[in-house]
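Spelled out as structure tokens, the structure:
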């Protein structure tokens, strides 16, 4: 595939578990723009997968337009970055809510707006990595679930708005996925962490690649990913 025809995919949260797995899954077939905050980790990953680093703090949307100004083609955007802090509504202060919504909702909306002209030009795809918490809110998950419900609303609105421009919009809902975020969640829940009982990050990455590479006559609005038979998280 020539460089001109190869899709260019931007991944946020690229140095996290699913982000790293997706960068590796797309390497070679897609040009990669990888967003992160840790410059050293980002440079190492970009060297491994031949990607372009995008050092960007997602809590500062006012910087997004300038940060992406030098980008040329962007075919796809995978909104993968996210934060989680568990706690009851009566316990969590506004700082937790503000930070969670800023990273999980405001940043994807602002970055989508900054990149939309490029993705329209390519008739590309936006993928929003959501969560089961974006479909059902449980006790102790209020701030995170609220952000993921809002992320679903963002994706649904964008899909309706951009259909006329040939832009596809998909939401992927992974179950619990092995990695640092799940380790943190299990610590907050007070339970053990056993990565073997969760989805592999590579499995979620393969699903996202399937969505990105789907034939142009198909769109996959909502895709759930759960552990296969005989597997599943405990606790």
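Residue numbers (UniProt numbering): 1 to 235. C-beta atoms are modelled at their ideal positions from N, C-alpha and C, and glycine is treated no differently. It should be emphasised that the depicted structure is a prediction, and the values quoted were computed from it without experimental measurement.
Residue state for residue 177 is assigned as strand, using DSSP reduced to three classes.
Beta-carbon to beta-carbon, residue 103 and residue 67 are separated by about 16 Å, too far to satisfy the 8 Å threshold.
8 Å or more divides the Cβ of residue 21 from the Cβ of residue 42.
Apart from sequence neighbours up to five positions away, the residues of its chain that approach residue 111 with a beta-carbon distance below 6 Å are 64, ordered along the chain.
In terms of CA proximity to residue 29, 210 leads the group 99, 119 and 210.
Residue state for residue 80 is assigned as coil, using DSSP reduced to three classes. Where residue 101 is concerned, the enclosing alpha helix (DSSP H) starts and stops at 94–101.
The beta-bridge partner set that DSSP reports for residue 222 consists of 171.
Sorting 175, 197, 115 and 207 by C-alpha distance to the C-alpha of residue 69 places 115 at the top. Taking the CA atoms as reference points, residue 50 sits about 10 Å from residue 44. The alpha-carbon of residue 71 is positioned some 26 Å away from that of residue 83. In this structure residue 34 is in contact with residue 23, their Cβ atoms being roughly 6 Å apart against a cut-off of 8 Å.
Residue pairing for residue 30: DSSP places it in a beta bridge opposite 27. The beta carbon of residue 6 sits closer than 8 Å to those of 29, 30 and 31, all from its chain and outside the five residues before and after it, given in chain order.
Counting the other CB atoms within 10 Å of its CB gives residue 108 a total of 16 or more, which places it among the buried residues. With a cut-off of 8 Å on Cβ pairs, the segment 193–205 is not in contact with the segment 150–163, counting fewer than three such pairs. Distances from the alpha-carbon of residue 225 to those of 123, 95, 98 and 130 put 130 closest.
Residue 136 carries a coil assignment under DSSP once its states are collapsed to helix, strand and coil. In terms of Cα proximity to residue 207, the closest of 62, 143 and 128 is 128. Inter-residue distance for residue 56 and residue 139 is about 32 Å (C-alpha atoms, whole angstroms). Here residue 182 is buried, its C-beta having at least 16 other C-beta atoms within 10 Å.
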